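**Student:** Count along the sequence shown from 1, add 29, and you get the number used in my numbering. In this text, a Cβ means the ideal position worked out from N, Cα and C, and glycines have one as well. Note that the structure is a prediction, hence the values are computed from the model and not measured.
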Amino acid sequence: MKLKVDYNNMMQSSIGERGIGEEAFEKNAALIEKARKSVLDSRGKGWQQWCDSPYISESDLGKIIAYGDRVRKAAESYVVLGIGGSALGAIAVASSLLHLHHNELPREKRNAPKLYVEDNVDPERMNALLDVVDVKTTYFNVITKSGETSETLSQFLIVYDLLKKALGKEEAKKHIAVTTTIGKGTLYALAVKEGFEVFGVEAGVGGRFSVFSSVGLAPFAALGLDVKGFLKGAREASKAAEEKSLNKNPSLITAFLQYEAMKNGCNINVMMPYCDGLKFTADFFCQLWAESLGKATDLNGKTVYAGQTPTKALGVTDQHSQVQLYTEGPFDKVVTFIAVDKFRGDRTITDDREIDACDFLKGHTLGELINAERVATTYALTKANRANFTITLPEVNAETIGELLMYFMYQTAFAGAMLNIDTFNQPGVEEGKKATFAMLGRKGYESKLEEVENAPHDDKYVAG
Numbered sequence: 030m031k032l033k034v035d036y037n038n039m040m041q042s043s044i045g046e047r048g049i050g051e052e053a054f055e056k057n058a059a060l061i062e063k064a065r066k067s068v069l070d071s072r073g074k075g076w077q078q079w080c081d082s083p084y085i086s087e088s089d090l091g092k093i094i095a096y097g098d099r100v101r102k103a104a105e106s107y108v109v110l111g112i113g114g115s116a117l118g119a120i121a122v123a124s125s126l127l128h129l130h131h132n133e134l135p136r137e138k139r140n141a142p143k144l145y146v147e148d149n150v151d152p153e154r155m156n157a158l159l160d161v162v163d164v165k166t167t168y169f170n171v172i173t174k175s176g177e178t179s180e181t182l183s184q185f186l187i188v189y190d191l192l193k194k195a196l197g198k199e200e201a202k203k204h205i206a207v208t209t210t211i212g213k214g215t216l217y218a219l220a221v222k223e224g225f226e227v228f229g230v231e232a233g234v235g236g237r238f239s240v241f242s243s244v245g246l247a248p249f250a251a252l253g254l255d256v257k258g259f260l261k262g263a264r265e266a267s268k269a270a271e272e273k274s275l276n277k278n279p280s281l282i283t284a285f286l287q288y289e290a291m292k293n294g295c296n297i298n299v300m301m302p303y304c305d306g307l308k309f310t311a312d313f314f315c316q317l318w319a320e321s322l323g324k325a326t327d328l329n330g331k332t333v334y335a336g337q338t339p340t341k342a343l344g345v346t347d348q349h350s351q352v353q354l355y356t357e358g359p360f361d362k363v364v365t366f367i368a369v370d371k372f373r374g375d376r377t378i379t380d381d382r383e384i385d386a387c388d389f390l391k392g393h394t395l396g397e398l399i400n401a402e403r404v405a406t407t408y409a410l411t412k413a414n415r416a417n418f419t420i421t422l423p424e425v426n427a428e429t430i431g432e433l434l435m436y437f438m439y440q441t442a443f444a445g446a447m448l449n450i451d452t453f454n455q456p457g458v459e460e461g462k463k464a465t466f467a468m469l470g471r472k473g474y475e476s477k478l479e480e481v482e483n484a485p486h487d488d489k490y491v492a493g
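1. Please go through the same chain and pick out, in chain order, the residues whose beta-carbon is closer than 6 Å to the beta-carbon of residue 97, but skip the five residues on each side of it.
2. Does any residue of chain C have a CB that is nearer than 8 Å to the CB of residue 59?
3. Are the Cβ atoms of residue 7 and residue 241 separated by less than 8 Å?
4. Report yes if the C-beta distance between residue 418 and residue 283 is below 8 Å; otherwise report no.
5. On a CA-only basis, which of 224, 437, 152 is nearest residue 266? Give me that one, please.
6. With a CB to CB cut of under 8 Å and the five nearest residues on each side skipped, what residues in its chain are close to residue 181?
7. Within the continuous beta strand (DSSP E) that includes residue 36, where are the two ends?
8. Give the secondary structure of residue 118 by DSSP, where H, G and I count as helix, E and B as strand, and everything else as coil.
9. Report yes or no: do the stretch 126–140 and the stretch 66–80 share at least 3 C-beta pairs separated by less than 8 Å?
10. Just how far apart, CA to CA, sit residue 471 and residue 425?
11. Report the start-end ranges of each beta strand (DSSP E) in the stretch 93–165 that is 3 residues or longer and not cut off at the edges.
12. Please report the distance separating the alpha-carbon of residue 79 from that of residue 308.
13. Shorter than 7 Å, the distance from the beta carbon of residue 464 to the closest heavy atom of the ligand NAD, or not?
14. How far does the beta strand (DSSP E) with residue 465 in it extend, from its first residue to its last?
15. Just the C-alpha distance for residue 138 and residue 255, rounded to the nearest angstrom, thanks.
16. Nearest-angstrom Cα distance between residue 151 and residue 184?
17. When you compare each of 342, 362, 306 to residue 287 by their alpha carbons, which one comes out closest?
18. For residue 341 and residue 353, I'd like the C-alpha separation in whole angstroms.
19. DSSP has residue 422 in a bridge; who is on the other side?
20. Check each candidate in 303, 277, 322, 304 and name the one with the smallest Cα separation from residue 297.
21. Could you pull out every residue in the same chain whose Cβ sits closer than 8 Å to the Cβ of residue 201, ignoring the five residues on either side in sequence?
22. Just the C-alpha distance for residue 368 and residue 478, rounded to the nearest angstrom, thanks.
23. Run through the DSSP bridge pairs and tell me what residue 300 is partnered with.
24. Sort out for me which residues DSSP pairs residue 352 with in a bridge.
25. Where do the ends of the alpha helix (DSSP H) carrying residue 240 lie?
26. Give me the residue from 455, 127, 144 with the minimum Cα distance to residue 100.
27. Can you grab the Cα-Cα spacing for the pair residue 432 / residue 365, in whole Å?
28. Mind reading off the beta-carbon distance from residue 105 to residue 160? Whole number of angstroms is fine, and I expect it under 8 Å.
29. Tell me the rounded alpha-carbon separation between residue 382 and residue 406.
30. Is residue 156 buried or exposed, if buried means 16 or more other CB atoms sit within 10 Å of its CB?
31. Measuring straight from C-alpha to C-alpha, what distance separates residue 289 and residue 88?
32. Starting from the C-beta of residue 187, find all residues in its chain whose C-beta is less than 8 Å away, skip the five residues before and the five after it, and write them out in chain order.
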């Protein structure tokens with residue numbers, strides 16, 4: 030793997046008694062190996078079909094790349110309609126690999142459609158999208174694993190109606206692709222009826238683990254990203270996840286370090302990349318960690334209220350807004366830094382004037398400055414006995430992003446195994462979905478509607 034993890038600042042040797050002792054690895058060797066074996070033995074089975082996603086067949090990958098080539102030539106704008114895992118992977122990867130102002134570049138420089146990922150149903154957001162795209166030159170990818178996601182279906186109905194009015198039905202359906210479970214769900218039935226292009230999602234690939242499936246690959250192909258490099262990186266991370274040696278298995282060792290940190294009261298995990306392009310990898314991680322590990326009961330039915338709350342920050346920006354809390358607030362956080370050795374472009378700091386407060390900056394680059402600030406922040410946290418570790422990418426490209434996201438996925442799976450919880454379900458999310466169906470009058474949810482309407486509420490506790 031190109032990705033490296035420095036976990037010195039999780040250890041007692043760096044942060045004192047609040048750190049993890051060297052003996053913890055030997056003491057918990059059986060737990061660690063059991064978690065590793067549990068995850069690896071289940072690869073490709075049940076809800077771990079995501080482990081097989083990077084090994085997509087050449088024929089299936091060829092279909093996706095051909096779709097991408099066709100859309101990239103025809104589309105001025107490309108819109109992903111999805112929410113949660115159907116959107117966050119696309120946002121994380123595209124923002125990492127595309128120009129940071131991709132949509133503002135002229136067509137000849139971006140060599141791809143503008144990208145919009147619509148992952149909310151705020152009406153102002155939909156209206157804003159329709160103000161800036163011409164549906165006649167816009168292609169849509171409607172993504173929902175279940176085919177029943179209310180938010181995504183509502184977006185689809187709106188845009189398909191507009192497309193038919195603007196282009197006629199036969200031409201309109203060429204502008205729609207559907208990514209969903211084959212043979213199941215409302216969206217699949219609509220896709221077959223209307224004749225849309227369909228990309229399948231394997232039954233055992235949950236939304237938050239779907240970025241290496243067609244959920245991610247179809248949008249990446251449409252944007253001209255290096256899909257093969259992305260998958261190669263994922264395969265490298267998958268191979269590393271097999272290693273028994275902790276220092277050769279970054280996902281396993283950091284899962285254990287977080288497991289120990291949770292036991293020590295660190296119930297918040299701050300993801301802090303020092304690279305604007307990686308800003309949304311923190312969002313991707315937050316969903317993965319929160320939905321997977323936040324569980325009320327363990328696999329034995331025991332009430333445990335497990336989990337560690339993920340939050341996001343951006344270096345250097347949030348040194349000026351959040352790091353004060355991290356350094357001097359409660360000892361309840363682990364800060365995960367993401368570093369980049371070499372940026373794709375850099376700028377030297379130059380000026381002919383003599384300005385005492387700025388002279389020390391001259392001749393250095395912005396890349397040197399941002400990395401110096403990251404190291405300084407890790408130093409300050411460590412000096413204050415705050416747990417932190419650093420993930421380093423040599424550079425940001427398709428392969429290293431593939432490694433990073435697959436590393437996150439295996440780290441999450443290993444941590445769930447150590448916590449003895451069901452990493453792959455999401456009962457808390459499902460309850461909210463059912464309540465939404467009920468309030469909007471979906472048939473079969475009448476009893477749930479009655480339950481919602483009879484929930485305790487007293488106006489004396491309403492202020493204003």
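**Tutor:** Based on what the coordinates show:
1. 250, 251
2. Of the protein chains in the structure, only one exists, and it is not chain C.
3. The structure shown does not extend to residue 7, since the chain is modelled only from 30 to 493, so the question has no answer here.
4. yes
5. 437
6. 110, 111, 112, 115, 171, 172, 173, 216
7. Run containing residue 36: none; DSSP gives neither H nor E here.
8. helix
9. no
10. 45 Å
11. 106–110, 143–147
12. 24 Å
13. For the structure depicted, the ligand NAD is absent and the ligand set is empty, with no information on it obtainable.
14. Here residue 465 belongs to no beta strand (DSSP E); instead the alpha helix (DSSP H) covers 456–468.
15. 17 Å
16. 10 Å
17. 362
18. 15 Å
19. 369
20. 322
21. 189, 192, 193, 195
22. 48 Å
23. 341, 365
24. Answer by DSSP bridge pairing: none, since residue 352 is not bridged.
25. Neither: residue 240 is in no alpha helix (DSSP H) and is coded neither H nor E.
26. 144
27. 16 Å
28. Actually they are not in contact, since the Cβ atoms of residue 105 and residue 160 sit about 15 Å apart, beyond 8 Å.
29. 30 Å
30. exposed
31. 44 Å
32. 155
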